[in-house]
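Enquirer:
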Amino acid sequence: METNGGPKAKPADDDQTIPLQKYKTSLYMNSDDGPHKLQPAGPNYKTALYTKTDNGDLVELGLHDTDDMADYGKREGLNFQQTIFLIAGYCPGFAATIMMVAIVHTGWVGFIVFAAIVFLLAYASILLGNCWNLVRVTWFEDLNPYGAIAYEACGSWARHTVNVLVDLASFGGGTAMLLATSELVLIVVGPGLFGTYCYWPLIIGAIMCPAIWVGMPKHFWLLGALSIITTLLAILIIFIDAAIYLNGNGHALDELQPPVESWAFSKLIGATIFLLGGHFVYPEIQRAMREPGNFDRSALTSFLLIVVFLFPTLLVVFVTYGEIISPDGDMSLQAGLLSILPRDGLTVVPGLLLLISSAPVMLIIINPLFQHLEEVLNIPEEIGWKRILLRTSIIILIVFLAETVNEFALLVTLVGGVLLPLLTFLAPAVSFLRLRAMHMPDSFSERPKMHIFETIMSLLLILVTPLTVVAVLVLTIIALANDQTGYVKPCYVQFNNMTNTTWEDDLLLTTASM
1 METNGGPKAK
11 PADDDQTIPL
21 QKYKTSLYMN
31 SDDGPHKLQP
41 AGPNYKTALY
51 TKTDNGDLVE
61 LGLHDTDDMA
71 DYGKREGLNF
81 QQTIFLIAGY
91 CPGFAATIMM
101 VAIVHTGWVG
111 FIVFAAIVFL
121 LAYASILLGN
131 CWNLVRVTWF
141 EDLNPYGAIA
151 YEACGSWARH
161 TVNVLVDLAS
171 FGGGTAMLLA
181 TSELVLIVVG
191 PGLFGTYCYW
201 PLIIGAIMCP
211 AIWVGMPKHF
221 WLLGALSIIT
231 TLLAILIIFI
241 DAAIYLNGNG
251 HALDELQPPV
261 ESWAFSKLIG
271 ATIFLLGGHF
281 VYPEIQRAMR
291 EPGNFDRSAL
301 TSFLLIVVFL
311 FPTLLVVFVT
321 YGEIISPDGD
331 MSLQAGLLSI
341 LPRDGLTVVP
351 GLLLLISSAP
361 VMLIIINPLF
371 QHLEEVLNIP
381 EEIGWKRILL
391 RTSIIILIVF
401 LAETVNEFAL
411 LVTLVGGVLL
421 PLLTFLAPAV
431 SFLRLRAMHM
441 PDSFSERPKM
451 HIFETIMSLL
461 LILVTPLTVV
471 AVLVLTIIAL
481 ANDQTGYVKP
491 CYVQFNNMTN
501 TTWEDDLLLT
511 TASM
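Pasting the structure below:
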């Protein structure tokens with residue numbers, strides 16, 4: 001047997017074991033002309049390994065058996081803690097400040113929506129991890145594991161579709177993080193930067209280019225650790241600030257909350273999925289794990305870690321800042337919490353922490369896009385002119401989109417509410433149902449209760465996807481028509497008339513005078 005994509009193996013004898021997890025396994029048939037690779041007739045096939053027993057019967061080896069054969073536990077890769085850091089490190093913390101404002105405008109119903117989305121996202125991550133566990137022996141070598149899952153489940157069209165969606169999610173998410181970084185610079189530095197908001201995507205894009213050329217470091221989980229630690233510290237400080245304000249203003253609990261806004265629901269849904277919907281990078285993380293079978297534990301721990309910090313903060317912000325977030329002004333619906341609160345140390349410090357976390361998050365988000373395009377264009381992994389040209393061109397396009405749609409909350413809502421549900425809800429559910437039918441034909445007879453539960457949850461995820469996409473898209477279009485989003489025109493139009501400033505610039509002066 002020869003392994004496709006790896007070094008040619010010598011003829012195996014009885015004592016030789018080939019580490020299957022390192023390569024994509026291929027089957028060959030010997031003939032007079034030499035070995036010929038066996039091609040599957042279609043996507044609905046199952047790759048399996050068999051061993052011959054003493055009585056001559058063929059017995060299929062399961063994943064656990066092949067793990068033992070390959071001494072899989074001894075291979076290098078991310079351990080449990082490092083995986084938690086990397087999964088949680090995707091979390092774009094500035095999106096949480098958008099959620100904090102949206103939760104005030106959606107009331108207690110908003111908490112129910114938030115809890116439901118978090119539950120569905122967490123379960124979808126488990127399904128996606130199970131999908132990779134079912135196909136990883138065959139597809140471990142593949143640099144686009146999400147696409148490999150889709151191919152094994154539904155064929156080549158699904159692979160191409162998922163790869164395009166992952167590229168779009170990386171591109172849109174990277175653009176949103178560029179806008180977040182620009183807004184955080186204004187929050188941290190203050191009114192001295194009035195009128196400069198539109199310049200910052202250009203400046204930050206240029207600053208980020210050298211790091212993007214180099215790519216992800218060897219110990220790339222450290223980026224995730226830096227991101228999640230600074231994000232959780234920022235959320236903790238916001239919680240303390242709100243608690244202090246509530247303690248000194250007891251009447252805040254009795255204040256009427258702003259009326260429920262449909263645009264706020266759209267923002268809440270989009271920001272929540274954007275914050276916790278890093279599923280398009282999860283297969284790549286799981287592929288890098290030392291023990292991929294433990295991905296579900298790492299994912300659930302990451303979700304729990306973020307929610308333990310975020311939920312109490314959302315609650316205390318909801319009961320505290322209802323009187324500050326004006327029920328009559330649309331500006332509060334356009335901004336994050338740090339842009340609305342009076343400027344002091346307890347708003348600047350979280351802004352600085354989130355600014356520090358934004359660079360690692362951006363690198364994590366856009367990495368799948370670079371990897372896929374470089375594989376398609378056959379660009380070497382080493383730094384060279386082709387790599388620099390491609391990555392610089394993508395950054396230029398990201399900057400252009402940021403200058404065109406220069407409103408962070410709007411872009412987060414569209415990316416999180418319209419694009420990501422296809423990768424966070426729909427694709428994991430459909431892929432799991434298909435792969436389970438192919439690789440686990442006895443699932444219902446062996447574990448009927450779990451089989452039924454998995455089926456119900458998968459169908460629920462499939463149903464929720466179009467409902468979420470349509471609802472967010474319709475509510476966003478209505479908000480744009482009613483001038484509720486804060487989006488006016490592209491920045492490059494405003495460059496011709498420097499007396500025109502964005503609402504971010506105006507809000508900067510407003511909060512500085514509080």
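With full-length UniProt numbering applied, the sequence shown closes on residue 514, and no number is skipped along the way. Glycine included, each C-beta is placed from N, C-alpha and C at the ideal position.
What's the C-alpha gap between alanine 288 and asparagine 294?
Expert: C-alpha separation (whole angstroms): 12 Å.
Enquirer: Return the residue from the list Phe444, Gln82, Met440 and Leu300 that minimises the CA-CA distance to isoleucine 229.
Expert: Looking at the Cα atoms, Gln82 is the closest of the given residues.
Enquirer: In chain order, what residues of the same chain have a beta carbon less than 6 Å from the beta carbon of isoleucine 238, not counting five sequence neighbours either side?
Expert: These residues qualify, in order along the chain: Thr313 and Pro350.
Enquirer: How should valine 260 be labelled, buried or exposed, when 16 other C-beta atoms within 10 angstroms of its C-beta is the threshold for buried?
Expert: By the 10 Å Cβ count, valine 260 comes out exposed.
Enquirer: Report back the beta-carbon spacing between threonine 468 and glycine 417 to the nearest angstrom; my notes put them in contact at under 8 Å.
Expert: Rounded, the Cβ-Cβ distance is 6 Å, consistent with contact.
Enquirer: Using DSSP bridges, identify the partner residues of methionine 289.
Expert: DSSP output for methionine 289 lists Leu78 as bridge partner(s).
Enquirer: Cutting at 6 Å between CB atoms, please list the residues of its own chain near residue 515, excluding the five before and the five after it.
Expert: Coverage of the chain is limited to positions 1 through 514, which leaves residue 515 absent and any answer about it impossible.
Enquirer: Can you tell me which of the three DSSP states isoleucine 462 falls into?
Expert: Isoleucine 462: helix per DSSP, three-state reduction.
Enquirer: Output yes or no for whether 8 Å exceeds the beta carbon distance between valine 470 and glycine 270.
Expert: Cβ atoms of valine 470 and glycine 270: not closer than 8 Å.
Enquirer: Can you give the beta carbon distance from leucine 78 to arginine 290, rounded, assuming they're within the 8 Å contact cut?
Expert: So it is a contact: roughly 6 Å between Cβ atoms.
Enquirer: Pairs of beta-carbons, one from the segment 200-214 and one from the segment 395-411, closer than 8 Å: are there three or more?
Expert: Cβ pair count under 8 Å is three or more, so yes.
Enquirer: Determine contact between the segment 140-155 and the segment 346-364, defined as no fewer than three beta-carbon pairs at a distance below 8 Å.
Expert: No contact exists between the segment 140-155 and the segment 346-364.
Enquirer: Give the secondary structure of arginine 387 by DSSP, where H, G and I count as helix, E and B as strand, and everything else as coil.
Expert: Three-state DSSP puts arginine 387 in a helix.
Enquirer: If I'm right that proline 283 touches tryptophan 132 with Cβ under 8 Å, what's the distance once you round it to whole angstroms?
Expert: Right, the Cβ-Cβ distance comes to about 5 Å (below 8 Å), so this counts as a contact.
Enquirer: Three-state secondary structure (DSSP) at proline 92?
Expert: Coil.
Enquirer: Looking only at C-alpha atoms, which of Leu426, Asn163 and Phe303 sits nearest to valine 376?
Expert: Among Leu426, Asn163 and Phe303, the Cα nearest to that of valine 376 is on Asn163.
Enquirer: To which residues of the same chain is lysine 449 closer than 8 Å at the C-beta, ignoring the five residues directly before and after it?
Expert: Nothing meets the Cβ criterion.
Enquirer: Nearest-angstrom Cα distance between alanine 176 and tryptophan 108?
Expert: Their Cα atoms are separated by approximately 28 Å.
Enquirer: Please report the distance separating the alpha-carbon of alanine 242 from that of leucine 276.
Expert: Distance between the alpha carbons of alanine 242 and leucine 276 is about 23 Å.
Enquirer: Return helix, strand or coil for proline 210, following the three-state DSSP convention.
Expert: Three-state DSSP puts proline 210 in a helix.
Enquirer: Using a threshold of 8 Å, state whether the C-beta atoms of serine 358 and threonine 181 are closer than that.
Expert: Contact: yes.
Enquirer: Can you grab the Cα-Cα spacing for the pair glycine 174 / phenylalanine 408, in whole Å?
Expert: If you take the alpha carbons of glycine 174 and phenylalanine 408, they lie about 11 Å apart.
Enquirer: Rounded to the nearest angstrom, what separates methionine 100 and alanine 234 at their Cα positions?
Expert: Going from the Cα of methionine 100 to the Cα of alanine 234 covers about 13 Å.
Enquirer: Looking at the structure shown, is leucine 58 part of a helix, part of a strand, or coil, going by DSSP?
Expert: Annotation note: pLDDT 45 at leucine 58 (below 50); position unreliable, no value reported.
Enquirer: Closest by CA to alanine 411, which one among Ile477, Ile84 and Phe311?
Expert: Before going on, a small fix: residue 411 reads as leucine here, not alanine. For the residues Ile477, Ile84 and Phe311, the minimum Cα distance to leucine 411 belongs to Ile477.
Enquirer: For the candidate residues Ser443, His372 and Pro428, whose alpha-carbon lies nearest to that of aspartate 167?
Expert: The shortest Cα separation from aspartate 167 among Ser443, His372 and Pro428 belongs to His372.
Enquirer: Mapping the DSSP letters down to three states, classify threonine 231 as helix, strand or coil.
Expert: Helix.
Enquirer: In three-state DSSP terms, what is residue 525?
Expert: With the chain represented from 1 up to 514, any question about residue 525 goes unanswered, as that position is not in the structure.
Enquirer: Taking asparagine 130 as the reference, give the member of Ile356, Phe274 and Arg436 with the closest Cα.
Expert: When each option's Cα is compared against that of asparagine 130, the closest is Arg436.
Enquirer: Helix, strand or coil for leucine 128, going by three-state DSSP, please let me know.
Expert: If DSSP states are grouped into helix, strand and coil, leucine 128 belongs with the helices.
Enquirer: Is it true that the CB of alanine 124 sits closer than 8 Å to the CB of threonine 424?
Expert: Taking 8 Å as the Cβ cut-off, threonine 424 and alanine 124 qualify as a contacting pair.
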